[in-house]
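Every letter in the sequence shown is one number past the one before it in this note's numbering, and letter 37, counting from 1, is 38. For glycine and all other residues, C-beta sits at the position ideal for the given N, C-alpha and C. Computed from a prediction, not measured in an experiment: that's the story for all the values here.
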Amino acid sequence: MYHGMVAGLAKPVLSYAAEITPLLTSVQVRHWRYNRYKKPYKFLKPVVPLENLSRDEPVTSSSNLGDMDKVRKFEWTAKSMNARGFLRFQKEYKPPVDARERMLQLSKDVIPRLTKLETEKAVLKYKITDAKTKFDLLSRAFVQFDHGVPNSMLYMMDSVGDIVHFYTTEIKTQTPFDLLTRQAEDLPPNLHILPKPIRFHPETDTQFGGMTAFPKSSTIVTGLRSKKKYRGYEAKKTWP
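Right, dumping it as structure tokens:
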């Protein structure tokens with residue numbers, strides 16, 4: 002009985018398979034659903050060439066890092082601090098006139114072997130590999146100049162020249178626009194700067210009866226601090 006039921010079920014299955022097999026073999030199965038929309042991944046070229054890196058040597062600001070040394074260059078960082086010092090809190094620093102001589106003498110006091118070097122160029126190129134020596138030098142420099150190296154730049158201070166250059170670089174916390182407004186007397190005659198924006202308001206600008214050249218344009222002040230300084234108003238729009 003059971004053999005008869007199995008044989009009865011197997012006949013339609015086998016007949017269906019016999020009909021669909023030629024159809025499957027005639028169709029070329031492709032991975033178009035996956036490969037059609039997937040773009041090949043391009044490996045980016047590393048910024049730092051692997052042949053310039055050594056396993057035993059630490060990566061410093063003076064290492065040969067290919068394109069990376071343009072990013073980590075100390076001069077670029079100093080210019081960025083001067084140009085964008087207003088974006089974060091920084092203490093303004095103006096180096097003394099004799100900052101270079103004082104820093105060189107302080108370096109020789111902390112590192113006695115510097116006195117044996119003949120030229121100043123050799124002193125500036127001296128590498129500071131000991132962490133305690135670097136800490137002592139930066140601590141004494143902070144006390145003497147009342148200006149410290151931020152944590153984000155400690156890894157750049159790997160030589161005496163880097164520290165001397167840091168303490169001889171001026172840091173300004175003002176924007177270039179503010180500097181131009183303070184130097185308004187020294188500007189050329191064809192350059193004029195308006196430190197505050199001109200905001201129209203019908204209640205204060207009554208020269209033409211509160212009329213404006215743009216009657217359907219509203220003055221919208223979005224900043225929270227700017228709303229306290231400048232008044233905004235919504236223009237009346239006629240219909241249609």
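Distance, Cα to Cα, residue i vs residue j?
i: Arg-141; j: Arg-200; result: 52 Å
i: Pro-216; j: Phe-146; result: 58 Å
i: Leu-107; j: Asn-191; result: 48 Å
i: Arg-103; j: Pro-97; result: 9 Å
i: Gly-210; j: Tyr-234; result: 16 Å
i: Glu-121; j: Pro-113; result: 14 Å
i: Ser-227; j: Lys-135; result: 46 Å
i: Val-245; j: Thr-176; result: Nothing can be reported for residue 245: it is not among the residues displayed for the chain, which extend from 2 to 241.
i: Ala-185; j: Asp-179; result: 10 Å
i: Tyr-156; j: Ala-132; result: 11 Å
i: Lys-117; j: Leu-188; result: 50 Å
i: Ala-214; j: Thr-223; result: 22 Å
i: Ala-123; j: Asp-99; result: 20 Å
i: Ser-153; j: Lys-238; result: 54 Å
i: Phe-143; j: Gln-208; result: 58 Å
i: Lys-109; j: Leu-225; result: 53 Å
i: Glu-119; j: Phe-167; result: 23 Å
Enumerate in chain order the residues of its own chain whose CB-to-CB distance from residue i is below 6 Å, with the five nearest sequence positions on each side excluded.
i: Tyr-94; result: His-148, Ile-172
i: Arg-31; result: Only weak support is given to the placement of Arg-31: the predicted model assigns it a pLDDT of 42, under 50, and the value that follows is read from those uncertain coordinates. Cβ neighbours of Arg-31 beyond the five flanking positions: none.
i: Val-111; result: Asp-137, Leu-138
i: His-202; result: Arg-232, Tyr-234
i: Pro-198; result: none
i: Leu-105; result: none
Enumerate in chain order the residues of its own chain whose CB-to-CB distance from residue i is below 7 Å, with the five nearest sequence positions on each side excluded.
i: Thr-182; result: Ile-194, Pro-196
i: Arg-101; result: Val-165, Thr-169
i: Ile-221; result: Gly-233
Spatial neighbours of residue i within its chain, please: C-beta separation below 8 Å, excluding the five flanking residues on both sides.
i: Val-7; result: Any reading at Val-7 must be qualified, since the residue scores a pLDDT of 44, below 50, and its modelled position is unreliable; the value itself is stated next. The answer is none, since no qualifying residue turns up.
i: Ser-219; result: Gly-233, Tyr-234, Glu-235, Ala-236
i: Asp-206; result: Thr-213
i: Tyr-35; result: Because Tyr-35 carries a pLDDT of 43, less than 50, the predicted location of this residue cannot be relied on, and no value is offered for it.
i: Leu-45; result: A caution first: Leu-45 carries a pLDDT of 46, below 50, which makes its placement in the model unreliable, though a value can still be read off. Excluding sequence neighbours, Leu-45 sits near nothing in its chain.
i: Leu-115; result: Ser-108, Lys-109, Val-124, Tyr-127, Val-161
i: Lys-229; result: none
Among all the DSSP beta bridges, which residues are the ones paired with residue i?
i: Ile-172; result: Tyr-94
i: Ser-160; result: Lys-128
Consider the C-beta atom of residue i and the heavy atoms of the ligand ZN; say whether any pair is separated by less than 7 Å.
i: Arg-103; result: With respect to the ligand ZN, the structure shown offers nothing to examine, as it has no ligands at all.
8 Å is my cut-off, CB to CB: does residue i come that close to chain D?
i: Ile-199; result: Any reference to chain D falls outside this structure, which holds one protein chain only.
Does the stretch 126-135 come into contact with the stretch 153-167, if we say contact requires no fewer than three beta-carbon pairs (one atom in each stretch) closer than 8 Å? yes
Quick one: complete alpha helix (DSSP H) runs, 4+ long, within the stretch 173-233? 177-183, 225-230
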